[in-house]
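Visitor: Have a look at the structure that comes next, please.
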């Protein structure tokens with residue numbers, strides 16, 4: 695919380711807040727949220743200009759106390775005046791930044807954001823490609839937070855063996871008319887793949903539209919093949935080579951399973 699009295703503490707807090715915003719703004723689930731963020735940034739630019747002006751004033755006001763490392767007051771005062779001039783120039787440049795952000799915000803405010811387009815045509819069946827829970831989805835959830843759900847879909851699509859995955863799902867009963875989801879689950883669709891994930895419950899699943907039910911209208915991520923010596927899957931989901939990818943694990947510690955509604 696801001697102190698409004700201690701510039702050192704408040705500067706550290708502002709820096710941390712901007713770091714958090716820089717991370718959080720990498721992904722906007724709803725692009726309409728950009729307008730509110732622009733408004734707060736515009737206010738931040740005005741405050742930053744004021745801070746730079748006040749820093750310049752502080753250097754100018756206290757230049758008689760400025761010395762260099764050798765104790766030379768003249769050299770210290772010269773540096774204080776140089777810092778003052780640079781800070782004043784930086785503050786003046788922020789006027790242009792303010793005007794640009796203000797114009798961008800006005801343009802953004804005129805946008806009507808429509809819901810994301812959905813794949814045309816109903817999907818009658820979905821093949822389960824990957825289901826992770828427990829600690830196994832931690833890597834994928836990190837990818838979602840860091841790079842977005844589309845990148846996570848591309849990552850998990852590497853475990854799709856195509857017809858082999860489809861046949862295994864058909865044999866084991868992991869083909870669904872609708873994707874199994876819970877009330878708090880979030881879903882993202884890219885091409886023929888739909889990702890379902892839940893940070894609170896700690897599970898991630900990837901389903902693929904059955905090729906006989908729907909022709910993909912958007913380019914799906916290019917599947918990455920697992921190494922030839924590991925027919926089960928790559929090491930990321932930590933599944934033993936002899937395990938049935940779709941069958942429930944025999945160990946309580948392993949949480950890779952199939953066929954349960956999320």
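In this note's numbering, the protein residues as written are 695 to 956. Note that beta-carbon positions come from the ideal geometry of N, C-alpha and C, so glycine has one too.
(1) What three-state label does DSSP hand residue 869 in the structure shown?
(2) Report yes or no: do the segment 720-737 and the segment 794-804 share at least 3 C-beta pairs separated by less than 8 angstroms?
(3) What residue does the beta strand (DSSP E) around residue 899 start on, and which one ends it?
(4) Mind listing, in chain order, the continuous beta strand (DSSP E) runs of no fewer than 3 residues lying wholly within the segment 832-895?
(5) Ends of the beta strand (DSSP E) at residue 827?
(6) May I ask you to report which of helix, strand or coil DSSP gives residue 794?
(7) Taking the continuous alpha helix (DSSP H) assigned at residue 740, which residues delimit it?
(8) From residue 700 to residue 884, what does the alpha carbon distance come to, in whole angstroms?
(9) My assumption, with CB atoms under 8 angstroms, is that residue 828 sits in contact with residue 896. Please give the rounded CB distance.
(10) In this structure, does DSSP put residue 707 in helix, strand or coil?
(11) Quick check on residue 699: does DSSP put it in helix, strand or coil?
(12) Counting Cβ pairs closer than 8 angstroms, one from the segment 851-866 and one from the segment 731-740, do we hit at least three?
(13) Can you tell which of 740, 879, 716 and 807 has its C-alpha closest to the C-alpha of residue 794?
(14) In angstroms with no decimal places, state the Cα-to-Cα distance between residue 834 and residue 750.
Guide: According to the structure data:
(1) The residue you call residue 869 lines up with position 175 of the chain shown. Note: residue 869 maps to strand in three-state DSSP.
(2) Counting Cβ pairs under 8 angstroms, three or more are found: they touch.
(3) Your numbering for residue 899 matches position 205 in the chain shown. According to the DSSP assignment, residue 899 belongs to the beta strand (DSSP E) that extends over 897-903.
(4) Annotation note: the segment 832-895 contains the following uninterrupted beta strand (DSSP E) runs of length 3 or greater, listed N- to C-terminal: 880-884 and 887-892.
(5) Residue numbering aside, residue 827 sits at position 133 when the chain shown is read from its first letter. Counting along the chain, residue 827 sits inside the beta strand (DSSP E) bounded by residues 820-827.
(6) Indexing the chain shown from 1 puts residue 794 at position 100. Reduced to three states, the DSSP call for residue 794 is helix.
(7) Translated into the one-based positions of the chain shown, residue 740 becomes position 46. That run of the alpha helix (DSSP H) goes 727-755.
(8) Here the question's residue 700 lines up with position 6 in the chain shown. Here the question's residue 884 lines up with position 190 in the chain shown. For residue 700 and residue 884, the gap between their C-alpha atoms comes out near 49 angstroms.
(9) The count along the chain shown starts at 1 and reaches residue 828 at position 134. The count along the chain shown starts at 1 and reaches residue 896 at position 202. Indeed, because the Cβ distance is near 6 angstroms, the residues count as touching under 8 angstroms.
(10) Here residue 707 refers to the residue found at position 13 when the chain shown is read from its first residue. If DSSP states are grouped into helix, strand and coil, residue 707 belongs with the helices.
(11) Here residue 699 corresponds to residue number 5 of the chain shown, with the count starting at 1. Here residue 699 carries a coil assignment [DSSP, helix/strand/coil].
(12) Verdict: no, contact absent.
(13) To locate residue 794, count along the chain shown from 1; it is residue 100. For residue 794, the nearest C-alpha among the options comes from 740.
(14) As a working mapping, residue 834 is identified with position 140 in the chain shown. As a working mapping, residue 750 is identified with position 56 in the chain shown. C-alpha separation (whole angstroms): 47 angstroms.
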